[in-house]
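Colleague: In my numbering, the protein residues as written are 48 to 115.
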């Protein structure tokens with residue numbers, strides 16, 4: 048299954064790439080949305096995180112509330 052991305056709600060969740068811990072296919076485009084209630088804090092904790100220089104990137108943005 049090459050599914051990648053989704054929406055997380057609730058107090059905790061896990062975000063991973065397809066086939067983790069194995070490699071994923073080239074040109075994978077994973078978009079995750081994390082929903083929280085007004086006043087909640089979102090904390091991202093990275094346990095195993097690797098980017099392939101020149102190909103991979105992580106972008107964290109906020110659409111409402113306080114700045115990142």
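From the three backbone atoms N, C-alpha and C, an ideal C-beta is built for every residue, glycine too.
The model shown is predicted, which means the values in this text are computed figures rather than measured ones.
#1: Can you name the start and end residues of the beta strand (DSSP E) that residue 53 belongs to?
#2: Can you give me the start and stop residues for the beta strand (DSSP E) that residue 80 sits inside?
#3: Cutting at 6 Å between CB atoms, please list the residues of its own chain near residue 78, excluding the five before and the five after it.
Modeller: In brief:
#1: In the chain shown, counting from the first residue as 1, residue 53 sits at position 6. Where residue 53 is concerned, the enclosing beta strand (DSSP E) stretches over 53-55.
#2: Position 33 of the chain shown holds residue 80. 79-81 is the span of the beta strand (DSSP E), which, as asked, contains residue 80.
#3: Position 31 of the chain shown, counting from 1, holds the residue named residue 78. Cβ within range, chain order: 52.
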